[in-house]
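Going from the sequence shown to the working numbering is simple: count from 1 and add 237.
We put the beta carbon where it would ideally sit given N, CA and C, even for glycine.
Reading through the structure tokens given below for one structure.
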Amino acid sequence: MSDAAFWGCLLLAGGPPVVLYCCVIARQSFLVLLSLASAFFWLVAFLLISAAWRGFLPLTSAGELVLVVLLSVSLQEAARYALWKLHRRTCAALEFIAHKKTDTELTEQNKQAMALTHGFAHGVVQSVLFSISWLPLSLGGATYYVPACSSMSYFLASALLSLGFFYLHTASMMLSFMGFEAGDWLLIAVPPALHVAATLLTVANLVKQGCNAVVPTVFAIGLGASAWAGRLWWKSSASGYTPLQDTQLHAEP
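Here it is, written out as structure tokens:
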């Protein structure tokens, strides 16, 4: 695999997250810190999920793979709900400090920016663990193709899938948190359903040339969820988005 292909896959999987980070998260130091804390949370969550996987190894059939996939998604959704509980406590603490210091409160847009940051961290950690960390193996004069998918290399398919899941996780966190906040069962139920559907689709990569349908479908699911979350954010931000100022978070000496 050439250096150009390596950098292409790296930019494909990591480029959009970097742009989102620079345009939204890096503008507020609080969101930067929140992204680091959330990334650590999801890293621990994935390590625990991988430990649960070990009980099913070696996988000898597609049915066992589906079972493990469903277990993984269920644990991730449980972690998302636990993160929502932490998010509520964080918002309550920030509102107390902001009100005490400047007599202001967190806006809905501030809370959505925090939810986006949590989703960003979820997507980035999964991309790093399941795609980007494997890319150095592609350096050299050859590449690797899965027997069932001869139309694209393993590294290209992995980069595209990781980007699709990044979009899905970022949007799903926003949709889920909006749903939990408003008690909207549609927003609560759809993100886990999309997560299950997209993850189960990846099992079809085992079918001959199944990747030709799986990769664009997962990518479309991620983009669709992102468009939905973006539309809801746009509607709620019609009056303008006011970033949470760092000075609002400084406690009195």
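Classify residue 445 as buried or exposed, calling it buried when 16 or more other Cβ atoms lie within 10 Å of its own Cβ. Result: exposed.
Between residue 431 and residue 405, which are expected to be in contact by the criterion C-beta below 8 angstroms, what is the C-beta distance as a whole number of angstroms? Residue 431 to residue 405, Cβ: 6 angstroms. Contact.
On the DSSP bridge assignment, give the partners of residue 386 in chain order. Residue pairing from DSSP places residue 386 in a beta bridge opposite 383.
Rank 272, 263, 440 and 259 by C-alpha distance to the C-alpha of residue 352 and give the top, closest one. Nearest C-alpha to residue 352: 272.
Could you have a look at residue 295 and say whether DSSP puts it in helix, strand or coil? Coil at residue 295, not helix or strand.
Spatially closest choice to residue 278 from 263, 318 and 249, by CA coordinates: Per the Cα distances, 318.
With DSSP as the reference, label residue 313 as helix, strand or coil. It is helical.
How long is the line joining the alpha carbons of residue 411 and residue 321, rounded to whole angstroms? Straight through space, the alpha carbons of residue 321 and residue 411 are spaced by roughly 10 angstroms.
Between the C-alpha atoms of residue 250 and residue 428, what's the straight-line distance to the nearest angstrom? Looking at the two C-alpha atoms, the distance is approximately 22 angstroms.
For a test of the three-state rule: what should DSSP assign to residue 305, helix, strand or coil? The three-state secondary structure of residue 305, taken from DSSP, is helix.
What residue range is occupied by the uninterrupted alpha helix (DSSP H) comprising residue 268? Going by DSSP, residue 268 is part of the alpha helix (DSSP H) stretching over 266-290.
Using a Cβ-Cβ cutoff of less than 6 angstroms, which residues in the same chain neighbour residue 417 once the five nearest sequence positions on both sides are dropped? Cβ within range, chain order: 321.
When you compare the CB positions of residue 357 and residue 246, do they come within less than 8 angstroms of one another, or not? In this structure, the beta-carbon distance from residue 357 to residue 246 does not fall below 8 angstroms.
Please confirm whether residue 330 and residue 308 have their CB atoms less than 8 angstroms apart. Contact flag unset, no.
Is the beta carbon of residue 334 closer than 8 angstroms to that of residue 313? For residue 313 and residue 334, no; Cβs fall outside 8 angstroms.
Would you kindly check if the distance between the Cβ of residue 350 and the Cβ of residue 248 is under 8 angstroms? No, they are not a contact pair.
Would you report the Cα separation of residue 377 and residue 239, rounded to the nearest angstrom? When rounded, the distance between both Cα atoms is 6 angstroms.
Could you check the C-alpha separation between residue 438 and residue 326 for me, to the nearest Å? Distance between the alpha carbons of residue 438 and residue 326 is about 35 angstroms.
Look at the alpha carbon of residue 386 and the alpha carbon of residue 440, and state the distance between them as a whole number of angstroms. Going from the Cα of residue 386 to the Cα of residue 440 covers about 12 angstroms.
Only counting the same chain, and skipping five residues up and downstream in sequence, which positions put a Cβ closer than 6 angstroms to that of residue 395? Answer for residue 395: 368, listed in chain order.
Cα-Cα separation between residue 293 and residue 359, rounded to whole angstroms: Roughly 24 angstroms between the two C-alpha positions.
If you check the beta carbons only, do residue 447 and residue 402 fall under 8 angstroms apart? For the pair residue 447 and residue 402, the CB atoms are not nearer than the 8 angstroms cut-off.
Suppose you measure from the CA of residue 244 to the CA of residue 372; what does that come to, to the nearest Å? Spanning the alpha carbons of residue 244 and residue 372 requires a straight line of approximately 9 angstroms.
Through-space distance from residue 347 to residue 255, alpha-carbon basis: Distance from the CA of residue 255 to the CA of residue 347, rounded to the nearest whole angstrom, comes to 21 angstroms.
How is the alpha helix (DSSP H) around residue 446 delimited, first residue to last? The continuous stretches of alpha helix (DSSP H) do not include residue 446, and DSSP gives it neither H nor E.
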